[in-house]
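Taken in order, the sequence shown gives residues 115 to 581; the numbers are from the numbering used here.
Ideal placement from N, C-alpha and C gives every residue a C-beta, glycine not left out.
Structure first, commentary second.
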Amino acid sequence: MDRYRPRYHLTPPRNWMNDPNGPFQSGGEYHLFYQHNPSAPEWGDIHWGHAKSLDLVNWTHLPVALAPSRELGELHCFSGCSVVNDDDVTLFYTSIGEGERNPTSGAQQWTAKGKDLRNWRKPDINPVLTAELHGELRITEWRDPYIWKEQDGWRMLLGGTEGDRGCSLIYHSDDLENWSFKGIFHQGDESIWECPHLFRFGDKAVLFYSPSGPVRYVSGTISENRLTDVLRHGTVDFSGWEGYYASTGFVDEKGRRILLGWVPEGRGEDFPASLEWAGMLALPRLVNLKPNGALAMSPVPELETLRGESRSFADVSVGQAPMNTGVNSTSFECLVEIDRRTAGTGKLIVSIFATACGRENTDVCLDLATNAIVIDRSNSSLFPNVHKSPVKGDLPPADEAEPLRLRIFADQSIVEVFVDDETCLSARIYPSLDGSDGIELRSSGDMVVSKIEVWEMKEAEIRSEKK
Numbered sequence: 115m116d117r118y119r120p121r122y123h124l125t126p127p128r129n130w131m132n133d134p135n136g137p138f139q140s141g142g143e144y145h146l147f148y149q150h151n152p153s154a155p156e157w158g159d160i161h162w163g164h165a166k167s168l169d170l171v172n173w174t175h176l177p178v179a180l181a182p183s184r185e186l187g188e189l190h191c192f193s194g195c196s197v198v199n200d201d202d203v204t205l206f207y208t209s210i211g212e213g214e215r216n217p218t219s220g221a222q223q224w225t226a227k228g229k230d231l232r233n234w235r236k237p238d239i240n241p242v243l244t245a246e247l248h249g250e251l252r253i254t255e256w257r258d259p260y261i262w263k264e265q266d267g268w269r270m271l272l273g274g275t276e277g278d279r280g281c282s283l284i285y286h287s288d289d290l291e292n293w294s295f296k297g298i299f300h301q302g303d304e305s306i307w308e309c310p311h312l313f314r315f316g317d318k319a320v321l322f323y324s325p326s327g328p329v330r331y332v333s334g335t336i337s338e339n340r341l342t343d344v345l346r347h348g349t350v351d352f353s354g355w356e357g358y359y360a361s362t363g364f365v366d367e368k369g370r371r372i373l374l375g376w377v378p379e380g381r382g383e384d385f386p387a388s389l390e391w392a393g394m395l396a397l398p399r400l401v402n403l404k405p406n407g408a409l410a411m412s413p414v415p416e417l418e419t420l421r422g423e424s425r426s427f428a429d430v431s432v433g434q435a436p437m438n439t440g441v442n443s444t445s446f447e448c449l450v451e452i453d454r455r456t457a458g459t460g461k462l463i464v465s466i467f468a469t470a471c472g473r474e475n476t477d478v479c480l481d482l483a484t485n486a487i488v489i490d491r492s493n494s495s496l497f498p499n500v501h502k503s504p505v506k507g508d509l510p511p512a513d514e515a516e517p518l519r520l521r522i523f524a525d526q527s528i529v530e531v532f533v534d535d536e537t538c539l540s541a542r543i544y545p546s547l548d549g550s551d552g553i554e555l556r557s558s559g560d561m562v563v564s565k566i567e568v569w570e571m572k573e574a575e576i577r578s579e580k581k
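Dropping the structure here:
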């Protein structure tokens, strides 16, 4: 058994996975594509993998959807989106080739069509967009189309760099084939913006982008092809390249806004080279907009179907000596609630993947004095060069009337942390010792914890469709 392959996160059957692409739901069935190298567990030869699900928990891998058309000069099918228009599904993606078709200055936007969701045809109209649309404006690193429909037609966002600043650019079409450039939708201070996408909330909108660091968002209003009246700049997940990147989203048939992201693999010189896969997707997250412009994010409730045996505690005094929860597992969900009015300014630490001898563990630390949440991996693995730096995020503003809620989802080699459904962190962890499956709590002093509940998580069904 591969001890590092997750039990309830989506991984590729074999080889490489990165960005989620083009998720949608049709007829009750979810479809999801992803960046995929079918030949090796490393980046390269980028295709689009394809999976389907009825519940966002159990998945079936389908045949590869897109492959580079070598005869047309393609080397890679970079990220993009799906458009469901009546009975037609069209994939839009960034086409990369050799020489002048390079990612920095020669990207093109292509389409593929398919009615049976198995066989995808690239029409002769490709490329549907080239950089010539921008006129004298020089845009580099131009990629990752995202499309939605307005009353007067279709809109597309693409990421890129203008000058030395990352931006999202906006385009208009009446027919999904002929596009006009409408300008820079929004621009930041980072050097690159990848995977721009947005959610609408009435007259408000939230723009997401990946700037080669933690995924960010900007909430505001769309006015004349611009994002204006900005309410909030925020961080989707504080982990960046080491834990969560290249997000995308869609609205399902229930009207829920669902966010997906890629969890990269961390490897060092002594990391097991025998893994036949690399990369996974983070748990699907429900997204809502708070009145102050901040995002609310929580794992989809369908994950509760995987909850197995549990242990619970109420009004427990936790001190410096470790409190053993009595659960030994490397795939679990843990809920901790603290009364802010009595918690003081101490630290509460949930130690996971812990050995009984204390040689190996990872600490999820709530620091109420500095209003920070930290995943401390310094004692997490004997592999010397695998990601071991701490991951740190800011706690949401305190509401003294509500308990502080910490949710931890651990799954073999991934940990996702949610604090009050607003602050999110993700981290890769590779326990290397036998018996690294303990779950313990301790604090910097005496702290009363209102609620502790730990569920062992059952394995999701992840299979491949028979040919």
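Cβ separation of residue i and residue j, assumed to be a contact under 8 Å, to the nearest whole Å
| i | j | result |
| --- | --- | --- |
| Leu395 | Leu124 | 5 Å |
| Ile463 | Ser557 | 7 Å |
| Asp159 | Ser153 | 6 Å |
| Ile566 | Val450 | 6 Å |
| Glu356 | Gly375 | Contact doesn't hold; Cβ gap of about 13 Å is too wide. |
| Ser193 | Lys236 | Contact doesn't hold; Cβ gap of about 16 Å is too wide. |
Where the beta strand (DSSP E) containing residue i begins and where it ends
| i | result |
| --- | --- |
| His102 | In the structure displayed, the chain extends from 115 to 581; residue 102 sits before or after that span and is not available. |
| His161 | His161 to Ser167 |
| Asp490 | Ala486 to Asp490 |
| Ala410 | Leu409 to Pro413 |
| Arg117 | Where Arg117 is concerned, there is no enclosing beta strand (DSSP E), given that its DSSP letter is neither H nor E. |
| Asn132 | Asn129 to Ser140 |
| His300 | Trp293 to Gln301 |
| Val478 | Thr476 to Asp481 |
| Lys404 | Here Lys404 belongs to no beta strand (DSSP E), and DSSP marks it neither H nor E. |
| Asp525 | Leu518 to Asp525 |
| Trp268 | Gly267 to Glu276 |
| Pro259 | Ile253 to Glu264 |
| Thr125 | From DSSP, Thr125 is part of no beta strand (DSSP E); its letter is neither H nor E. |
| Glu100 | Residue 100 is absent from the structure shown; the chain starts at 115 and stops at 581. |
| Trp173 | Trp173 to Leu180 |
| Trp224 | Gln222 to Gly228 |
Three-state secondary structure (DSSP) of residue i
| i | result |
| --- | --- |
| Leu496 | coil |
| Ala396 | coil |
| Arg215 | helix |
| Phe187 | The sequence given here places Gly at residue 187; Phe does not occur at that position. Looking at Gly187 - three-state DSSP - the assignment turns out to be coil, as it is neither helix nor strand. |
| His248 | helix |
| Glu416 | helix |
| Gly327 | coil |
| Glu356 | helix |
| Ile372 | strand |
| Ala154 | coil |
| Ser305 | coil |
| Val377 | strand |
| Asn339 | coil |
| Asn199 | strand |
| Lys506 | strand |
| Pro545 | coil |
| Val344 | strand |
| Trp391 | strand |
Residue ranges of each alpha helix (DSSP H) within the stretch 426 to 473, 4 or longer: The stretch 426 to 473 contains these whole alpha helix (DSSP H) runs: 454 to 457.
contact_flag[the stretch 305 to 313, the stretch 495 to 505] where n(CB pairs < 8 Å) is 3 or more: no
Complete runs of the beta strand (DSSP E) confined to the stretch 554 to 579 [at least 3 residues]: 561 to 571 and 576 to 578
Contact the stretch 426 to 434 vs the stretch 408 to 416: 3+ CB pairs below 8 Å: no
Stretch pair the stretch 293 to 309 + the stretch 267 to 280: three plus CB contacts closer than 8 Å: yes
Inter-stretch contact at 8 Å, needing at least 3 Cβ pairs: the stretch 252 to 267 / the stretch 207 to 218: yes
Stretch-stretch touch, CB-based, cutoff 8 Å, three pairs: the stretch 515 to 526 with the stretch 450 to 459: yes
The stretch 529 to 546 contacting the stretch 477 to 497, beta-carbon criterion three pairs below 8 Å: yes
The stretch 347 to 364 in contact with the stretch 415 to 424 per 3-pair CB rule at 8 Å: Result no; under three Cβ-Cβ pairs closer than 8 Å.
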